Amino acid sequence: MTICLTKGPKNSGGKYFGEVSVREALNRSLNTVAWQVLTDIGVDKGISYLGKMHFVGLSNMDNGNSSMSIGGFTEGARVVDMAKGYSVLANQGKYSNKTCITSIKSQYDGEIYKGSPADERIFTEDTAYMVTDVLKGTLDKPYGTGSGLGIGVPAAGKTGTTNSSKDTWFCGYTRYYTTAIWVGYDTPRAMPGVYGKTYSGKMWHDFMAEINKDLPPLDWDMPSTVSAYNVDSRGEKTDQETGNKDLFSSVAEAAAMADSKKWKDEEARKQQEAQSQMNQAAQDAARQTQEQAAASLQSLIAEFNGLDHRDSSTDEKITTAKTYLEQLNGTETYDSLKQALDDAVNRVLALPKQDDSSKPQEIGPGMTKPRETTAPVFPGDSDPQTGVQLAPDQGMMTPRQKRWDQEWIKRG
Numbered sequence: 000m001t002i003c004l005t006k007g008p009k010n011s012g013g014k015y016f017g018e019v020s021v022r023e024a025l026n027r028s029l030n031t032v033a034w035q036v037l038t039d040i041g042v043d044k045g046i047s048y049l050g051k052m053h054f055v056g057l058s059n060m061d062n063g064n065s066s067m068s069i070g071g072f073t074e075g076a077r078v079v080d081m082a083k084g085y086s087v088l089a090n091q092g093k094y095s096n097k098t099c100i101t102s103i104k105s106q107y108d109g110e111i112y113k114g115s116p117a118d119e120r121i122f123t124e125d126t127a128y129m130v131t132d133v134l135k136g137t138l139d140k141p142y143g144t145g146s147g148l149g150i151g152v153p154a155a156g157k158t159g160t161t162n163s164s165k166d167t168w169f170c171g172y173t174r175y176y177t178t179a180i181w182v183g184y185d186t187p188r189a190m191p192g193v194y195g196k197t198y199s200g201k202m203w204h205d206f207m208a209e210i211n212k213d214l215p216p217l218d219w220d221m222p223s224t225v226s227a228y229n230v231d232s233r234g235e236k237t238d239q240e241t242g243n244k245d246l247f248s249s250v251a252e253a254a255a256m257a258d259s260k261k262w263k264d265e266e267a268r269k270q271q272e273a274q275s276q277m278n279q280a281a282q283d284a285a286r287q288t289q290e291q292a293a294a295s296l297q298s299l300i301a302e303f304n305g306l307d308h309r310d311s312s313t314d315e316k317i318t319t320a321k322t323y324l325e326q327l328n329g330t331e332t333y334d335s336l337k338q339a340l341d342d343a344v345n346r347v348l349a350l351p352k353q354d355d356s357s358k359p360q361e362i363g364p365g366m367t368k369p370r371e372t373t374a375p376v377f378p379g380d381s382d383p384q385t386g387v388q389l390a391p392d393q394g395m396m397t398p399r400q401k402r403w404d405q406e407w408i409k410r411g
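Going by numbering that gives the first Met the number 0, the sequence shown opens with residue 0, and the numbers climb by one from there.
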């Protein structure tokens, strides 16, 4: 996988290795890859496995906490919980809460505790086997963080070191025993030069070598659903002989395909839902536009039916009304409004057309020229504007006025 993070942890020593397999990343204890894997599967899903394994130190504050990928528990982790967690991998994916106490009896109440509760399935057998196979590399790979801590029998494990080496861990297991070692102070303080491989790792090595030395060196049995295949540089299956093999689970692949189908179905559902919402929004917008067009058209029809003459603006309004009608094409109101508009237009076209020159003429901003009158004004009448009596040479001289004026002169 390719690591490209803009936030999150750094690797120990600030080292980065580009594109690496998850197997190599785990053996090298690369924080960046652990962070990305937990982000990919979901923090809450990852934490749910710790809940199934009864980790006591879990807190509500750990919900959504991505630092859990590198052991960032809010309340820390008990050594016994870490040992039980790794024992799940050693025990083919089953959690066991067995203790050395098999029964407690009271002389008054009889048996009040019976041990040996049933094991709980946490991981599939395939998953437990393949993770164990990866964790073997911590001990036997030259780049493994626990290189050199092998004990002569099949074993798997993991180192752990917090910032400033305030806490150092080594947790590992064989077919027979699981041991977790923690080195640190009750009140945390830096321990320069101390790492998971040093004190914790050496203590784990010495103790596990001793308790496993007389036992048959048994390895874990590979499930029938796990197979080794040639892989390319990216860890993908290939038919070519590459010299590199890795494990693949038919159970995990089937589950991944099912999850992929579910994911694709979910994505398709989301896309359909988004498209449906877009269509609904478009329909709502179209409906609103049609409602506005219908209201505007009805207003124009009412205006047409109330006219007693027409002018140039009437033709413009008829064109606008027809545009509104086209927007309603295909709707339930189209036919009725079309008939109403046709009737109104026919009525308007039959009305006399009035010349627009009869309107007041604008002669300046906010000023209009008074409309001239054609009514005759005779000498001796009063000026309609001022009320002053006009002399014979004043006023507006129409032909009739001129004839009257000439007759007046003769008589005078």
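C-beta atoms are modelled at their ideal positions from N, C-alpha and C, and glycine is treated no differently.
Predicted model, so just to flag it, every value in this text is computed and none were measured.
Leaving out the 5 sequence neighbours to the left and right, which residues in its chain are closer than 6 Å to residue i when beta-carbon positions are compared?
{"i": "residue 357", "result": "Because the pLDDT at residue 357 is just 49, under 50, the model does not fix this residue reliably, and the value given afterwards should be weighed accordingly. Hits under 6 Å: none found."}
{"i": "residue 199", "result": "167, 168, 169, 180 and 182"}
{"i": "residue 42", "result": "63 and 65"}
{"i": "residue 190", "result": "164"}
Taking residue i as the reference, which of the options has the closest Cα?
{"i": "residue 346", "options": "226, 307 and 135", "result": "307"}
{"i": "residue 163", "options": "188, 149 and 153", "result": "188"}
{"i": "residue 322", "options": "331, 310, 340 and 309", "result": "340"}
{"i": "residue 211", "options": "227, 171 and 220", "result": "171"}
{"i": "residue 129", "options": "244, 238, 56 and 100", "result": "244"}
{"i": "residue 85", "options": "101, 138 and 155", "result": "155"}
{"i": "residue 196", "options": "148, 206 and 220", "result": "148"}
{"i": "residue 99", "options": "45, 112, 231 and 300", "result": "112"}
{"i": "residue 218", "options": "143, 254, 268 and 89", "result": "89"}
{"i": "residue 134", "options": "350, 26 and 185", "result": "26"}
{"i": "residue 173", "options": "158, 151, 302 and 51", "result": "151"}
{"i": "residue 159", "options": "314, 33, 311 and 286", "result": "33"}
Report the three-state DSSP secondary structure of residue i (helix, strand or coil).
{"i": "residue 246", "result": "strand"}
{"i": "residue 273", "result": "helix"}
{"i": "residue 236", "result": "strand"}
{"i": "residue 145", "result": "coil"}
{"i": "residue 228", "result": "strand"}
{"i": "residue 77", "result": "coil"}
{"i": "residue 317", "result": "helix"}
{"i": "residue 53", "result": "coil"}
{"i": "residue 193", "result": "coil"}
{"i": "residue 219", "result": "coil"}
{"i": "residue 7", "result": "coil"}
{"i": "residue 140", "result": "coil"}
Among residues of its own chain, excluding the 5 on either side of residue i, which ones have a beta-carbon nearer than 7 Å to its beta-carbon?
{"i": "residue 97", "result": "114 and 115"}
{"i": "residue 125", "result": "222, 224, 225, 248, 250 and 251"}
{"i": "residue 10", "result": "29, 30 and 31"}
{"i": "residue 175", "result": "211 and 214"}
Output the distance between the C-alpha atoms of residue i and residue j, rounded to the nearest integer angstrom.
{"i": "residue 305", "j": "residue 283", "result": "33 Å"}
{"i": "residue 414", "j": "residue 274", "result": "This structure does not reach residue 414, given that the chain is present from 0 up to 411, and the question cannot be answered."}
{"i": "residue 223", "j": "residue 65", "result": "35 Å"}
{"i": "residue 333", "j": "residue 266", "result": "40 Å"}
{"i": "residue 256", "j": "residue 208", "result": "42 Å"}
{"i": "residue 73", "j": "residue 67", "result": "9 Å"}
{"i": "residue 250", "j": "residue 120", "result": "15 Å"}
{"i": "residue 13", "j": "residue 278", "result": "51 Å"}
{"i": "residue 419", "j": "residue 239", "result": "Because the chain in this structure spans residues 0 to 411, residue 419 falls outside the shown range and cannot be described."}
{"i": "residue 270", "j": "residue 261", "result": "14 Å"}
{"i": "residue 229", "j": "residue 20", "result": "14 Å"}
{"i": "residue 44", "j": "residue 331", "result": "54 Å"}
{"i": "residue 344", "j": "residue 320", "result": "10 Å"}
Strictly by DSSP, which residues pair up with residue i?
{"i": "residue 181", "result": "168"}
{"i": "residue 104", "result": "110"}
{"i": "residue 263", "result": "Answer is none; residue 263 lacks a bridge partner."}
{"i": "residue 119", "result": "94"}
{"i": "residue 159", "result": "168"}
{"i": "residue 309", "result": "352"}
Counting only the same chain and skipping the five closest in sequence on each side, list residues whose C-beta sits under 8 Å from that of residue i.
{"i": "residue 327", "result": "289, 292, 293, 296, 333 and 336"}
{"i": "residue 309", "result": "347, 348, 350, 351, 352 and 353"}
Taking 6 Å as the cut-off, is the CB of residue i close to at least one heavy atom of the ligand PLP?
{"i": "residue 196", "result": "The ligand PLP is not part of the structure shown, which contains no ligands of any sort."}
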